[in-house]
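Peer 1: According to our numbering, numbering within the sequence shown proceeds without interruption in unit steps and concludes at 318. One structure is given below, represented as structure tokens, and several questions about it will come after.
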Amino acid sequence: MFKRFIKGRLRRALAAASIPALALAVAAPAAAQDASPATPASQNQTQPRQATPPATASDTVTQVAASPAAEKVAAKAVVEPLYGEYRGVKLGMSADEVRAKFGKPEEKSDEMDFFVFSDKERARVYYRDGKASAVIATYIGTEAEAPAPASVLGTEIEAKPDGSMYHMAKYPQAGYWVAYSRTPGDAPLVMITMQKTP
């Protein structure tokens with residue numbers, strides 16, 4: 121009786137001990153899987169991304185300066201003329217269009233018209249094949265309010281000791297050139313010429 125009791129207790133103890141061993145055996149493969157190297161997808165989820173350093177102002181300036189588009193814009197800014205018309209008249213207009221803008225000329229021909237707007241301002245328009253090929257605006261005296269060289273050419277002109285000045289800017293892409301001229305003396309003439317290149 122006592123032996124039977126001991127055997128029963130021993131059997132139950134062995135059975136109880138086998139349950140944790142079985143659980144451990146089942147859990148081992150799962151633990152092994154967790155310990156295996158992570159797949160690329162799980163790496164992307166768990167590993168922190170490397171931060172890209174922020175662009176500095178100098179980086180931005182360098183990129184803009186090296187950009188072909190920026191160079192093209194800069195080149196355009198240099199060659200684009202400021203002075204493209206006088207009193208609404210542009211090069212290439214027909215004689216009728218010029219006269220409609222300026223009014224009746226004092227002198228009129230197929231080659232040249234002479235216009236007087238006041239005792240301080242006048243203009244000559246030259247024609248080639250019926251189209252305006254040159255316009256010369258003349259301002260007489262210091263009170264004529266002639267435009268400043270910078271507003272015509274985009275740059276100042278250094279006057280000579282006698283007060284005279286001259287500068288010409290060529291604009292090949294626009295197809296014409298502009299000249300600013302001032303005569304010496306107390307009652308100077310300022311002449312602004314706009315002429316098509318041949």
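Cβ atoms here follow ideal geometry from the backbone N, Cα and C, with glycine treated the same way.
Take Met213 and list the residues in its own chain whose beta-carbon comes closer than 6 Å to its own, dropping the five residues that flank it on each side.
Peer 2: The residues are Ala252.
Peer 1: According to DSSP, which residues form a beta bridge with Lys251?
Peer 2: DSSP, once it has assigned bridges, lists Ser214 and Arg248 as partnering Lys251.
Peer 1: Label Thr275 either buried or exposed according to how many other C-beta atoms from any shown protein chain fall within 10 Å of its C-beta, with 16 as the threshold for buried.
Peer 2: Per the 10 Å Cβ criterion, exposed.
Peer 1: DSSP on Ala307, reduced to helix/strand/coil?
Peer 2: DSSP places Ala307 in coil when its eight states are reduced to three.
Peer 1: Looking at C-alpha atoms only, which residue of Asp282, Met314 and Thr317 is the closest neighbour of Pro304?
Peer 2: If we check each option's Cα against that of Pro304, Asp282 comes out closest.
Peer 1: How many whole angstroms separate the CB atoms of Ala257 and Ala243, which I take to be in contact at a CB cut-off of 8 Å?
Peer 2: Sure, about 5 Å apart at Cβ, within 8 Å.
Peer 1: Once the 5 residues before and after Tyr291 are set aside, which same chain residues still bring their CB inside 8 Å of it?
Peer 2: If we look at Tyr291 and ignore the five residues flanking it on each side, its Cβ neighbours are Val199, Glu200, Pro201, Trp297 and Val298.
Peer 1: Does the Cβ of Phe235 have 16 or more other Cβ atoms within 10 Å, making it buried, or fewer, making it exposed?
Peer 2: By the neighbour-count rule (16 or more Cβ atoms within 10 Å), Phe235 is buried.
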